[in-house]
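Reviewing the structure listed below.
Number of protein chains: 2
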Amino acid sequence: MGLLNNFYNPNAVAVVGASKKPGKVGHSIVKNLIESGFPGQIYPVNPKEEEIEGLTVYPSVTAIPEQVDLVVVAVPAARTLDVARECGEKGVKNLVVVTAGFKEIGKEGLDLEKELVAICHQYGMRMLGPNCVGMMDTHTPINASFTKTFPLKGDIAFLSQSGATLIAILDWSRSVGLGFSKMVSLGNKGDLSEIDFIAEAAEDPYTRVIACYLEDVADGSRFLEVVREATRKKPVIILKSGTSQAGAQAASSHTGALAGSDLAYDTAFRQCGVIRARSMTELFELAIAFSRCPVPAGKKVAIVTNSGGPGIVATDNVEARSLTMARFTRETIEELRGGLPAEAALYNPVDVLGDARADRYRFALEKVLADPNVDSIVVLMCPTAVAQPLETTQAVIELQKKYPHKPIMGVYLGGESMAEGARLMSEAGMTCFTFPEPAIAAINGLVSYGEFRNTPVGESDLIYPDVDKKAVKAIFYDAMRDNRLVLLGSEAAAVARAYGIPAAPISLATTPEEAVEEAEKMGYPVVLKVASPKILHKTDVGGVKIGLDSPEAVRKGFIEIMENVHRLLPQAVVYGIEVQKMMPKGVELIIGMTRDVQFGPMIACGLGGIYVNLLKDVSFRLAQGLTRREIEAMLSETKAYTLLRGYRGEKPADLPALVEAIGRTARLVLDFPEINEIDINPVFVYNQGLSALDIKITIS
Amino acid sequence: MGLLNNFYNPNAVAVVGASKKPGKVGHSIVKNLIESGFPGQIYPVNPKEEEIEGLTVYPSVTAIPEQVDLVVVAVPAARTLDVARECGEKGVKNLVVVTAGFKEIGKEGLDLEKELVAICHQYGMRMLGPNCVGMMDTHTPINASFTKTFPLKGDIAFLSQSGATLIAILDWSRSVGLGFSKMVSLGNKGDLSEIDFIAEAAEDPYTRVIACYLEDVADGSRFLEVVREATRKKPVIILKSGTSQAGAQAASSHTGALAGSDLAYDTAFRQCGVIRARSMTELFELAIAFSRCPVPAGKKVAIVTNSGGPGIVATDNVEARSLTMARFTRETIEELRGGLPAEAALYNPVDVLGDARADRYRFALEKVLADPNVDSIVVLMCPTAVAQPLETTQAVIELQKKYPHKPIMGVYLGGESMAEGARLMSEAGMTCFTFPEPAIAAINGLVSYGEFRNTPVGESDLIYPDVDKKAVKAIFYDAMRDNRLVLLGSEAAAVARAYGIPAAPISLATTPEEAVEEAEKMGYPVVLKVASPKILHKTDVGGVKIGLDSPEAVRKGFIEIMENVHRLLPQAVVYGIEVQKMMPKGVELIIGMTRDVQFGPMIACGLGGIYVNLLKDVSFRLAQGLTRREIEAMLSETKAYTLLRGYRGEKPADLPALVEAIGRTARLVLDFPEINEIDINPVFVYNQGLSALDIKITIS
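Line by line, the protein sequences are chains D and F. The UniProt record's numbering applies: residue 1 is where the first sequence begins, and numbers increase by one. The UniProt record's numbering applies: residue 1 is where the second sequence begins, and numbers increase by one.
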């Protein structure tokens, strides 16, 4: 039954807008339902017809004598509202609206779509579409769509935001013998979206892999929540096209500029365990591999080949990915030595030589499979004069049964000579490619997924009971009343401190004397920085003086900065000059936050300083659901991590303090959605503790 | 006739070691020669047989009544020397030695191979192999190999260092309908190598594209010289497998460590215009595209599609590559608007909508092709209900004839529905893919090649008449006599100065007093650095003092460094302490050189300083054939370039001075092959001029 109430296996289906005329969408749907072998009743609905394809036609949904779980709607857009209401009255559970002319045509269509969705919700109905091709389930079976054909039976669920792509993939899949459990054309995603179908497919006993083509995500926050759970159960592979505009909008901060346009999707997918395909080919290569292969225990790959060249190519590929070549145990080597010719290569890749027949492949494969240091295997075969593709494949199939937890991928290089072997392998539910690269890419996908599934489920542990929300609210209140969207440095530091992020002492002074007074309080040396919300890059306008170690120096610095700023930016509103205690140098990082329209706040960390945009050594994570472990993983992806661990004889930096500061920054932006962007640059991380120096916070 | 003397089109062929027994290599070759339709005489040679496959057998090559241009040798390794001598006496021009048991089996085989090559050279014969599958030419036609089949006729020359790969590709190519002009199994490359065959194929009228699978390059220097010319005439695409060990060996310098194992090949291929394929699939996808498509004038791609989704995927791919989406002229937009339905997307990608038939495709394509802002076109088609793949293909073929200089790539998404259209396109000599990605990759390859071919041929212009070779020799002489392979800093600076590279003043002092004296001469402030060939990272052992601005500071620094070094590295031989004038800070770069075993000296430049290995912002070029233009291109690939052009309000740095310093470094290492490695780190580049500070030179 699934999460969607009898969506894929309704008791009966009605087609509103059914037509007698071949070529019409309303005819194709009726014909497809019949031809798919749908086991329930099919009710064509059309007030003007009496019989279509041998079925009695009903004038309206309400006229149908029995309960109907699913109604496919193929009437003009303007009529869909009435039909939906009628279905609601009838107690229909689900609609598939193929009709176009909604959101995709602009404002008018969008309004109509909203009304349609409202009617569905009013009656507790769910809707696929509008503007979609429909859906197919090969196990029910049901074809509630206007495609030309029906997919082969299989265990891949395919969800597509593009109807034409779905039709093309269906056509292609039949020609290459690829089967599906379900195919769903998502259309405009007015009500049901990829999120619902992914959740459903994760529970579906007929589905092993979920493959999606998406152009956007319906609801970032819910996507993260639902898909994070789904990927624990089954692999979800997504080809996401189109670039998000979010990054481009938010380019006023360093962090925003670094985030780029597509980063939020990349980050979101990784954080919830989605495997991102980079091409259509890869989407299905991965889907096939996942539907057929066990997930290997680790990344150690063995290669058995009858020729050197392709073995080297495969080895290159293993090393280019995050995989490793297995190192066999001494026993394996000895056993291989005992059974293979003297010229054979015994180390990985194992070269069983050009004169190898099936028996030699079987021998070598069995030894390699038994090796505890081997997690997965690639069987490479070239069509040499004596190669026995069929017999070798037979051996491979038997061995896969004997070692069901270690995936064996075939790479049969060639054409006609290898076709029978490849077909046999495929029929046995195994994977066989023509060239080495996709096989290694598929293993890489399997391994990444295995690694993800092996990490413990991380509940967000960024809980800091000591944070002072009231203090932050008070500061924001002042800034808003003042009509400032960029906080002053001293305000930003106070916000940070309220959340337990150690900010360097900083105060605003409006006269040279006040500056001296503040400097005396915090102790020399100090830095002076012009305080003006309009000046984002203070150094560039001579608005910063460093290393001032006496009252005279502070007084002089104050006056010079004011002169510089007035000369270069005469129109800028200057609030005064901030006096900041000069902190000892540590590892210089940036901690930042930029907000993505889909997925909310993204936290960044990496090498800081004035070259941050040049070096681009920054890693990102979504704040939603972030854990301390993930923060550590984020840090470990940066070059800065090398510095933090102690570079060239330096003492290691205080990683726990840094993780906490990042966690508290994430907490802050989750608690205050009005924070638009944060740049803390630099953060000096010391052997013990850290200090946040220049903090920029913009609010909305 | 080609550069190789009648190699592919001999008057007659003899097969020494011909056999009557099917399955034997010596039988396959004779049979293949007959079946290929070779127009000349075929002479099987075997003292024990009289007739093979209807041909008269001769007891020896000398017994053959006429001149024989080509002899295929398939006798055991030990007998090959005698056979080669006999062929030499007979006046044979070329040998194809398929026999194995040479270099590939170790020392003994290598010696035999050397002897065999020597005999060939003695008689002026050229040899393919040994240990190869043979060669095929579909235009002669001739099959001088022991493959099972013969390639289809085509215009791709395929050279393979792996015999099994050649056999596999041949098998595969027949099943996908791909043809070749020549196929050559390079074997051990004892005499003839890829260099000879690339040079030959570049002149061959039947070859449009040269595709190679290589595991190494026979002679780096000659490769560069010959292939650089070949790529001007025809595209050369190489899949290079295996990782060179060169990089790993040379890891004592920063530059060497950064170079990595495969970088020399990458650099060499780029510098001589070779297109490097990253996978077997890509090798042939590119080869097919190059053999069928014109090279576009630029990088502006137009997409015409009947569905949105794949159009977006294609657009993503265009933007991910170094291509751009074409922006149509206003006229084109207006014309499209006039002829397409109101809902059609007129801007690139042009969406002719799901109900488009062939006529609408023809209309849109014609307008887009006529647009001067369009360089190449992708025709995307999904199997919609009304799609007309055959008629549309007909239109595409006609339009390609009308606009022969703009490549049109088909992407027909689907299976059976699109198969006929794709076949028709292929038969017309055009390219059609199933998914968008390889089409865009192919256009990208074509564009890169076009750009390469449009750059003027660069003759090496690193000519500096003012260099003082004698001074360098004298310094090397002293160091060698002293048994030092690492020059002292002061020596290295002198070498640099002799080649016109502005090194900061530096002198060696052995006592505090001497240090003060030198400092007084060059002026304060100065830096003190321990002078010891064994200490590569001086800062790490407290061997450096900076900013010393008085005699007292110099004296004190001298003593402290000596104490530090003696405490941390008591065993290190210390030559004294070098006093160097402290130079003002500039943009901090590294200039370096590491030597690759295949391709010789590689010059590096990028961000310098102590984080050079962390930041890895370094670009490389081979010194051989390097030009000033290439040095500029190398710089432009680095992040340092952004700094050099003036980052965040800084004045731009003196690029011409930097280019000259790099050029002079290249000149130095070309003139002195005994220089093993150079690191100049940092080089401070100023607004005017530059200064090389820490110079490390190791010699061999």
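Think of the CB as a built atom: it goes at the ideal place given N, C-alpha and C, for glycine as much as any other residue. For clarity, every value in this text was computed on a predicted model and none was experimentally measured.
The DSSP assignment places complete alpha helix (DSSP H) segments of no fewer than 4 residues inside the segment 602-636 of chain D at 612-615, 628-636, in order along the chain. Straight across, the Cα-Cα distance linking serine 426 of chain F with lysine 616 of chain D is about 45 Å. Taking 9 Å as the cut-off, the Cβ atoms of leucine 286 of chain F and alanine 474 of chain F do not count as close. Exclusion of the five residues before and after isoleucine 34 of chain D leaves Ile42, Glu53 as the residues of its chain whose Cβ lies within less than 7 Å of its Cβ. Inter-residue distance for glutamate 588 of chain D and asparagine 681 of chain D is about 8 Å (C-alpha atoms, whole angstroms). Interface flag for serine 36 of chain D against chain F is unset, since no Cβ pair is found closer than 9 Å. By the CB criterion at 9 Å, alanine 344 of chain F and leucine 622 of chain F fall outside the cutoff. In this structure valine 386 of chain F is exposed. Its beta-carbon is surrounded by fewer than 16 other beta-carbon atoms within 10 angstroms. Interface with chain F (9 Å Cβ-Cβ cutoff): tyrosine 213 of chain D is included.
DSSP places threonine 698 of chain F outside any alpha helix (DSSP H); the residue lies instead in the beta strand (DSSP E), whose first and last residues are 695-699. Among the residues of chain D, those whose CB is under 8 Å from the CB of phenylalanine 435 of chain F are Ser279, Met280, Thr281, following chain order.
Within 8 Å of the CB of glycine 415 of chain D, the CB atoms of chain F belong to Asp171, Trp172, Ser173, Arg174, Ser175, Val176, in sequence order along the chain. Spanning the alpha carbons of valine 217 of chain F and proline 407 of chain F requires a straight line of approximately 32 Å. For asparagine 306 of chain F, the residues of chain D that pass the 8 Å Cβ criterion are Ala164, in the order they occur in the chain. From the beta-carbon of aspartate 540 of chain D, the residues of chain F found nearer than 9 Å are Arg648, Gly649.
Straight across, the Cα-Cα distance linking lysine 470 of chain D with tyrosine 499 of chain D is about 11 Å.
Against chain D, the CB of proline 383 of chain F has a partner CB under 9 Å away; the residue lies at that interface. Rounded to the nearest whole angstrom, the CA to CA distance from leucine 340 of chain D to tyrosine 361 of chain D is 10 Å.
Cβ contact annotation for phenylalanine 146 of chain F (same chain, cutoff 8 Å, sequence separation greater than five): Val25, Ser28, Ile29, Asn32, Ala74, Val98, Val133, Gly134, in chain order.
About 16 Å separates the Cβ atoms of serine 291 of chain D and asparagine 444 of chain D, ruling out a contact at the 8 Å cut-off. Looking at the backbone, the Cα of alanine 84 of chain D and that of aspartate 111 of chain D are separated by about 15 Å. In the three-state reduction of the DSSP assignment, aspartate 478 of chain D falls in the helix class. Distances from the alpha-carbon of tyrosine 686 of chain D to those of D/Pro47, D/Gly586, D/Tyr524 put D/Gly586 closest.
For alanine 692 of chain D, the beta-bridge partners assigned by DSSP are D/Ala503, D/Val683.
Residues of chain F whose Cβ lies closer than 7 Å to the Cβ of isoleucine 156 of chain D do not exist; the shortest such Cβ separation is about 16 Å.
Within the same chain, Cβ atoms closer than 6 Å to the Cβ of asparagine 564 of chain F are found at Gly542, the five residues on either side in sequence being excluded. Counting along the chain, glycine 576 of chain D sits inside the beta strand (DSSP E) bounded by residues 576-581. D/Lys90 is the residue among D/Ala100, D/Lys189, D/Lys90, D/Tyr477 whose C-alpha sits nearest the C-alpha of glycine 124 of chain D. In this chain, the alpha helix (DSSP H) harbouring asparagine 444 of chain F covers 436-454.
Non-local beta-carbon contacts of alanine 496 of chain F in its own chain, meaning distances under 7 Å to residues more than five positions away in sequence, involve Ala503, Ala692, Ile695 in chain order. In the three-state DSSP reduction, alanine 297 of chain F falls in the coil class, being neither helix nor strand. The beta strand (DSSP E) runs lying completely inside the segment 504-534 of chain F and spanning 3 residues or more are 506-509, 526-531, given in chain order. Around the beta carbon of proline 76 of chain F, fewer than 16 other beta carbons lie within 10 angstroms, which makes this residue exposed.
A Cβ-Cβ distance of about 15 Å is found for the pair valine 117 of chain D and valine 92 of chain D, leaving them out of contact under the 8 Å criterion. The alpha-carbon separation between proline 652 of chain D and glycine 646 of chain D amounts to approximately 4 Å.
The C-beta distance from threonine 140 of chain D to phenylalanine 38 of chain D rounds to 7 Å, short enough to fall under 8 Å.
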